[in-house]
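Chemist:
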Amino acid sequence: MLPPKQNFSEWFHEIIQQAEIMDIRYPVKGLYVWCPFGFKIRQLVYSKLRELLDRDHDEVYFPALIPETELGKEGEHIKGFEDEVFWVTHGGLEPLDVKLALRPTSETAMYPIFKLWIRSHADLPLKVYQIVNTFRYETKHTRPLIRLREITSFKEAHTAHRNYEEAEEQVREAVKLYKEFYDFLAVPYLIFRRPDWDKFPGADYTIAFDTIMPDGRTLQIGTVHHLADNFAKTFDIKYETPDGDHAYVHQTCYGISERCIASLISIHGDDLGLILPFEVAPIQIVVIPILYKGKEAQVEELSRRLFEKLKGYGYRVLLDASDERPGAKYYKWELKGVPIRFEIGPKEAEKGDVVVSFRDEKKKFSISFDEVTKERIERWAEELKQRLRNRAIEMAKSKIGFFENLDDLANWIERRGVGLIYLCGSTECGEVVEEKAKGSVLGRFEEIPDWLEGFEYKGRCIVCGGEGYLTGVAKTY
RNA sequence: GGGGCCGUAGGGUAGCCUGGUUAUCCUCCCGGCUUUGGGAGCCGGUGACCCGAGUUCAAAUCUCGGCGGCCCCA
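Using our numbering, the first residue of the first sequence is number 90, and each one after it goes up by one.
(1) From the DSSP secondary-structure annotation, give me the bridge partner or partners of residue 136.
(2) How many Å lie between residue 43 and residue 424 at the Cα?
(3) Is it right to say residue 185 is buried, meaning 16 or more other beta carbons lie within 10 angstroms of its own, or is it exposed?
(4) If residue 341 sits next to residue 260, beta carbons under 8 Å apart, how far is it from one beta carbon to the other, in whole angstroms?
(5) Can you name, in chain order, every residue of its own chain whose Cβ lies under 6 Å from the Cβ of residue 271, other than the five neighbours on each side?
(6) Whole-angstrom Cβ separation of residue 237 and residue 231, contact assumed at under 8 Å?
(7) Any chance you could list the alpha helix (DSSP H) runs of at least 4 consecutive residues sitting entirely within the region 479-533, in chain order?
(8) Evaluate the contact criterion for the region 379-394 versus the region 280-288: three or more CB pairs, one atom per stretch, below 8 Å.
(9) State the Cα-Cα distance for the pair residue 492 and residue 509, rounded to the nearest angstrom.
(10) At what residues does the alpha helix (DSSP H) containing residue 356 begin and finish?
(11) Compute the Euclidean distance between the alpha carbons of residue 244 and residue 416, then round it to the nearest angstrom.
(12) Grab me the residues of residue 525's own chain with a C-beta within less than 7 Å of its C-beta, minus the 5 sequence neighbours each way, in chain order.
(13) Can you tell me where the alpha helix (DSSP H) holding residue 392 begins and where it ends?
(14) Assuming residue 102 is part of the alpha helix (DSSP H), what are its boundary residues?
(15) Could you give the C-beta distance for residue 489 and residue 541, rounded to a whole number, given that I count them as a contact under 8 Å?
(16) Terminal residues of the continuous alpha helix (DSSP H) containing residue 164?
(17) For the alpha helix (DSSP H) that residue 567 lies in, which residues bound it at each end?
(18) Cα-Cα, which of 304, 325, 487, 317 is closest to residue 295?
(19) Would you decide whether residue 442 is buried or exposed? Buried here means 16 or more other CB atoms lie within 10 Å of its CB.
(20) Can you give me the start and stop residues for the alpha helix (DSSP H) that residue 619 sits inside?
(21) Hey, quick one: how far does the alpha helix (DSSP H) through residue 405 stretch, first residue to last?
(22) Report all residues from its chain with a CB closer than 6 Å to the CB of residue 105; omit the five preceding and five following residues, and keep chain order.
(23) Classify residue 253 as buried or exposed, calling it buried when 16 or more other Cβ atoms lie within 10 Å of its own Cβ.
(24) Would you call the region 391-402 in contact with the region 455-468, where contact means no fewer than 3 C-beta pairs closer than 8 Å?
(25) Reducing DSSP to helix, strand and coil, say where residue 262 ends up.
(26) For the beta strand (DSSP E) holding residue 336, just list the boundary residues, first then last.
(27) Just the Cα atoms here: how many angstroms apart are residue 391 and residue 407?
(28) Do residue 173 and residue 135 count as a contact pair if the criterion is CB distance below 7 Å?
(29) At which residues does the alpha helix (DSSP H) containing residue 437 begin and terminate?
(30) Report the CB separation of residue 431 from residue 374 in whole angstroms; it is logged as a contact under 8 Å.
(31) Please identify the residue among 556, 552, 483, 550 whose C-alpha is closest to the C-alpha of residue 539.
(32) Count Cβ pairs between the region 210-221 and the region 166-182 that sit closer than 8 Å; are there 3 or more?
(33) Can you tell me which residues form a DSSP beta bridge with residue 344?
(34) I want to know whether the region 342-352 touches the region 303-314 - three or more CB-CB distances under 8 Å.
(35) Could you tell me the alpha carbon to alpha carbon distance between residue 292 and residue 132, rounded to whole angstroms?
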């Protein structure tokens with residue numbers, strides 16, 4: 090039994106363990122173990138991410154250890170990370186001459202090598218990515234998948250281009266890619282341009298994807314940074330132009346971590362457990378035989394035939410022949426988020442029928458064995474995802490409100506979720522809002538989602554009355 | 001950064017204040033019987049006092065230190 094999802098924090102903590110996503114008993118704060126089932130979800134989700142990136146990025150691997158001398162080169166960057174870096178200070182008993190940082194992110198590991206790889210305009214654009222672990226010494230409350238000292242599944246992409254505009258074009262490409270990824274997971278998102286005081290250390294600007302969790306706080310689930318030539322100047326990454334001149338590259342980087350799985354679990358799950366879209370479910374279909382004494386043979390035979398047929402279609406299917414009672418099996422596979430369930434009892438075996446039920450709906454119906462076709466299952470899977478998407482969007486909408494005074498905004502953020510306001514870009518006005526509303530300014534919309542209708546992009550700043558932009562404010566994870 | 005609470009089988013707990021028999025109960029797990037259309041029942045079984053030092057005839061219980069976890073405030 091899970092606690093109700095209403096009590097989100099407790100629900101999340103429990104579902105992670107009960108659905109066997111992570112084992113949280115590892116004896117170091119902020120480090121957790123991926124269980125086999127959780128790791129399969131990770132593998133399925135990340136193979137989609139890989140598929141998207143592999144279209145025009147190359148996968149690489151850079152080392153986890155970064156010498157202090159490199160990490161410290163870019164002034165803004167190191168200032169942003171210095172209080173949360175883990176250091177390797179000894180080799181055996183010998184203190185190291187140059188301390189080694191466990192990467193908090195890989196810019197400073199990669200860019201000295203980019204300098205060697207990039208020589209001419211023909212080497213550009215360079216687009217690579219890696220999926221690796223990163224380390225941050227979090228002092229606040231750590232939480233599996235959400236706030237970690239070892240991020241185990243950081244997909245970071247890094248690109249280099251000839252000029253600012255081409256890098257900016259890549260930023261738009263990356264945003265498109267991430268939209269496709271989260272649409273695939275049926276996870277709704279808001280895309281903001283982070284305010285200057287909250288951008289990635291060393292970036293020209295940062296665009297972030299936020300989703301709205303069931304408790305109304307937002308979770309940052311993806312970021313895209315335009316680095317301009319800031320790092321290129323620091324690491325001396327230059328190329329020879331067609332004219333024979335030398336110019337600094339302009340760079341971007343963008344990342345997604347296992348928070349994407351936190352959002353997948355949190356947005357779709359319910360009081361009974363996980364609800365997974367068909368494509369990322371480790372078990373897509375479960376077949377449950379209902380064995381009455383004396384009538385086992387027929388039921389077992391039809392169940393077996395159905396199992397073989399589904400396997401033949403290439404699905405991840407499980408025939409649950411364990412000796413638990415059917416009800417116990419229903420609960421078990423609902424907890425694990427299996428999208429489609431077939432039940433076969435004596436009645437079905439008699440007629441050659443199967444009972445079908447979907448994870449997100451209460452009702453059951455029955456169809457004949459022969460009507461179970463690959464086309465039908467594909468359609469069910471697509472319909473299921475559409476229902477998940479609609480439900481998630483409705484939930485997101487219910488947690489978004491628009492405000493023209495700060496007290497109402499504060500009240501909404503306290504109780505419900507994301508407040509929208511008009512805000513100018515100044516730090517002063519931003520500080521006033523964060524102070525009064527007890528939330529973080531997420532930034533102005535980079536694009537307003539099509540499911541949020543009726544908002545003008547520009548309006549009068551809620552603080553100073555000057556020209557402002559539609560801006561999100563919320564409590565954040 | 002400041003303050004508080006807690007550590008007992010795989011999970012959740014009682015016992016600790018007031019030291020003393022075989023360490024409580026639920027769940028999970030294992031074996032058997034029985035049952036199977038929404039978490040069945042009965043019988044039997046495995047499994048624990050975070051680590052170290054101290055006090056004491058005697059420590060899960062008291063003291064100190066370490067490690068680990070949780071909460072609140074800034």
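Just so you know, even glycine gets a beta-carbon here, dropped at the ideal spot from N, CA and C. Just so it is clear, the structure is predicted and the values come from calculations on it, not from any experiment.
Modeler: With the given structure in hand:
(1) Walking along the first sequence from the start, residue 136 turns up at place 47. Its beta-bridge partners do not exist; DSSP assigns none.
(2) No information on residue 43 is available, as it lies outside the stretch 90 to 566 that the chain covers here.
(3) Here residue 185 refers to the residue found at position 96 of the first sequence. Residue 185 should be labelled exposed.
(4) Translated into positions along the first sequence, residue 341 becomes position 252. Translated into positions along the first sequence, residue 260 becomes position 171. With a Cβ gap of about 6 Å, residue 341 and residue 260 count as contacting.
(5) Taking the first sequence and counting its residues from 1, the one referred to as residue 271 is at position 182. Here the set comprises 278.
(6) Residue mapping note: residue 237 aligns to position 148 of the first sequence, counting from 1. Residue mapping note: residue 231 aligns to position 142 of the first sequence, counting from 1. Right, their Cβ atoms sit about 6 Å apart.
(7) Fully enclosed alpha helix (DSSP H) runs of 4 or longer: 495-504, 516-526.
(8) No, the region 379-394 does not touch the region 280-288.
(9) Taking the first sequence and counting its residues from 1, the one referred to as residue 492 is at position 403. Taking the first sequence and counting its residues from 1, the one referred to as residue 509 is at position 420. Straight-line Cα distance between these residues: approximately 6 Å.
(10) Within the first sequence, residue 356 is the residue found at index 267, counting from 1. Start and end: 348-357.
(11) The count along the first sequence starts at 1 and reaches residue 244 at position 155. The count along the first sequence starts at 1 and reaches residue 416 at position 327. When rounded, the distance between both Cα atoms is 40 Å.
(12) Walking along the first sequence from the start, residue 525 turns up at place 436. The residues 495, 499, in chain order, have a CB closer than 7 Å to that of residue 525 in the same chain once the five nearest residues on each side in sequence are set aside.
(13) Taking the first residue of the first sequence as position 1, residue 392 is located at position 303. Residue 392: member of the alpha helix (DSSP H) spanning 385-401, first to last residue.
(14) For the purposes of this step, residue 102 is taken as residue 13 along the first sequence, with counting starting at 1. Unbroken alpha helix (DSSP H) run through residue 102: 97-107.
(15) The residue you call residue 489 lines up with position 400 of the first sequence. The residue you call residue 541 lines up with position 452 of the first sequence. Their Cβ separation, rounded to whole angstroms, is 7 Å, which keeps residue 489 and residue 541 in contact under 8 Å.
(16) Position 75 of the first sequence holds residue 164. That run of the alpha helix (DSSP H) goes 164-170.
(17) The first residue shown for the chain is 90 and the last is 566, placing residue 567 beyond what the model contains.
(18) Your numbering for residue 295 matches position 206 in the first sequence. Checked all of 304, 325, 487, 317; the closest Cα to residue 295 is 317.
(19) Locating residue 442 in the first sequence gives position 353, counting from the first residue. So residue 442 ends up on the buried side.
(20) Any question about residue 619 goes unanswered here, given that the chain covers just 90 to 566.
(21) Taking the first sequence and counting its residues from 1, the one referred to as residue 405 is at position 316. Looking at the DSSP string, residue 405 is not in any alpha helix (DSSP H), and its letter there is neither H nor E.
(22) Taking the first residue of the first sequence as position 1, residue 105 is located at position 16. The residues are 111, 233.
(23) The sequence position of residue 253 within the first sequence is 164, counting from 1. Result: exposed.
(24) yes
(25) Mapped onto the first sequence, residue 262 falls at position 173. Residue 262: helix per DSSP, three-state reduction.
(26) Within the first sequence, the letter at position 247 stands for residue 336. The continuous beta strand (DSSP E) containing residue 336 extends over residues 335-337.
(27) Here the question's residue 391 lines up with position 302 in the first sequence. Here the question's residue 407 lines up with position 318 in the first sequence. Taking the straight line from one Cα to the other gives about 14 Å.
(28) Here residue 135 corresponds to residue number 46 of the first sequence, with the count starting at 1. Here residue 173 corresponds to residue number 84 of the first sequence, with the count starting at 1. Contact: no.
(29) Against the first sequence, residue 437 aligns to sequence position 348. Looking at the DSSP string, the run of the alpha helix (DSSP H) that includes residue 437 is 435-440.
(30) Position 342 of the first sequence, counted from the start, is the residue given in the question as residue 431. Position 285 of the first sequence, counted from the start, is the residue given in the question as residue 374. Taking a contact as a CB-CB distance under 8 Å, the pair residue 431 and residue 374 counts as one, their CB atoms being some 7 Å apart.
(31) Translated into positions along the first sequence, residue 539 becomes position 450. The shortest C-alpha separation from residue 539 is found at 483.
(32) no
(33) Reading the first sequence from its first residue, position 255 is the one you call residue 344. Residue 344 is bridged to 245, 312.
(34) Contact between the region 342-352 and the region 303-314 is established, with three or more Cβ pairs separated by less than 8 Å.
(35) Numbered from 1 along the first sequence, position 203 holds the residue referred to as residue 292. Numbered from 1 along the first sequence, position 43 holds the residue referred to as residue 132. Their Cα atoms are separated by approximately 30 Å.
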